[in-house]
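Colleague:
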Amino acid sequence: GGLEPLAKHFGVDVAAPAPAPAPAAAPTPAPVPVPPPAPAAPKSTISLSKVTLDKTRSSISLEKTAAGFGEIKVNLNWNKRSSGGFFKSSTSIDLDVGCLYELQDGEKGVVQALGNCFGSLNHAPYIQLMGDDRTGSVAGGEWLHINGTKWAEVRRILIFAFIYEGAPNWRETDGVVTIHIPNQPDIEVRLNEEGGRDGMCAIAMLENVNGAVKVSRRVDFHRGHSAVDKAYGWGMSWRAGSK
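Here it is, written out as structure tokens:
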């Protein structure tokens with residue numbers, strides 16, 4: 128049946144119907160570019176390079192880390208030249224390190240060799256003078272240690288040096304104080320100002336500011352302990368002492 132047999136009966140060729148075209152395949156979607164993974168955030172690290180406090184940068188604040196401050200070490204060093212000493216007129220100069228301290232409970236005092244006030248690390252004032260170098264010939268100089276685990280008990284500490292023997296000549300001492308705090312940059316303060324004939328130098332102040340250690344350069348000169356006390360408002364009385 129249908130048109131094709133009828134047409135053939137009358138001698139007419141009828142083309143077979145073309146097959147229905149196959150449906151076109153859906154276009155393959157272009158691949159979506161995958162963004163590269165974000166770089167890992169750099170780990171927060173503390174630069175442990177030395178910090179020198181001078182007139183252009185006079186202070187630095189060190190925040191307490193998870194490990195705390197540990198044992199804070201303050202070193203006074205001077206006269207390290209090997210040419211037989213450069214104090215030609217007085218080779219017996221005695222440069223001493225010490226500090227005034229004030230605790231949070233109001234206790235005030237001094238740590239120094241003079242008067243044998245060597246302090247204590249484990250008890251108040253949590254500061255101790257580790258020996259006394261009379262000539263500056265000891266390679267390590269003089270050291271004050273501060274118990275950083277007790278920093279919350281401390282309000283402020285004023286590091287000083289004084290010339291116990293010998294004519295004052297601060298520039299020639301080549302004096303330098305370095306403060307070492309674990310996991311923090313070393314802090315250096317040089318005694319490179321002209322001190323005239325004053326025998327005492329207030330070098331640096333360490334203050335407890337909301338738990339941080341704020342270190343401020345001072346390097347100003349005074350006639351003695353009572354003058355330093357008055358300049359910085361410690362309010363203690365002083366008498367002559369010896370060591």
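Residues 128 to 370 (the numbering used here) make up the sequence shown, in order. Glycine included, every Cβ here is placed at the ideal spot set by N, Cα and C.
Cβ atoms of residue 365 and residue 328: under 9 angstroms apart, would you say?
Modeller: It is not a contact, given that the beta carbons lie outside the stated cut-off.
Colleague: Bridge partners of residue 246, per DSSP?
Modeller: Paired residue(s): 255.
Colleague: Kindly indicate which three-state DSSP category residue 194 falls into: helix, strand or coil?
Modeller: Note: residue 194 maps to coil in three-state DSSP.
Colleague: Taking only three categories from DSSP, how would you classify residue 177?
Modeller: The answer is coil: DSSP assigns residue 177 none of H, G, I, E or B.
Colleague: For residue 240, report the span of its alpha helix (DSSP H) as first-last.
Modeller: Neither: residue 240 is in no alpha helix (DSSP H) and is coded neither H nor E.
Colleague: For residue 297, which three-state DSSP category applies?
Modeller: Residue 297: helix per DSSP, three-state reduction.
Colleague: Could you tell me how far apart the beta carbons of residue 341 and residue 176 are, in whole angstroms, since I believe they sit closer than 8 angstroms?
Modeller: About 19 angstroms; that fails the 8 angstroms criterion.
Colleague: I'd like to check one pair, residue 248 with residue 239: are the Cβ atoms closer than 9 angstroms?
Modeller: No, they are not a contact pair.
Colleague: For residue 353, report the span of its alpha helix (DSSP H) as first-last.
Modeller: Element bounds for residue 353: 352-359.
Colleague: Which residues share a DSSP beta bridge with residue 278?
Modeller: Paired residues: none, contrary to the question.
Colleague: I'd like the list of long-range same chain contacts for residue 317, defined as Cβ closer than 6 angstroms, with 5 residues on each side in sequence excluded.
Modeller: So the qualifying residues of the chain are 303.
Colleague: Here's a check: name, in chain order, each residue in its chain whose Cβ is nearer than 7 angstroms to the Cβ of residue 179, leaving out the five neighbours to either side.
Modeller: So the qualifying residues of the chain are 315.
Colleague: Give a yes or no on whether the C-beta atoms belonging to residue 195 and residue 278 are separated by under 9 angstroms.
Modeller: Yes, Cβ-Cβ distance for residue 195 and residue 278 is below 9 angstroms.
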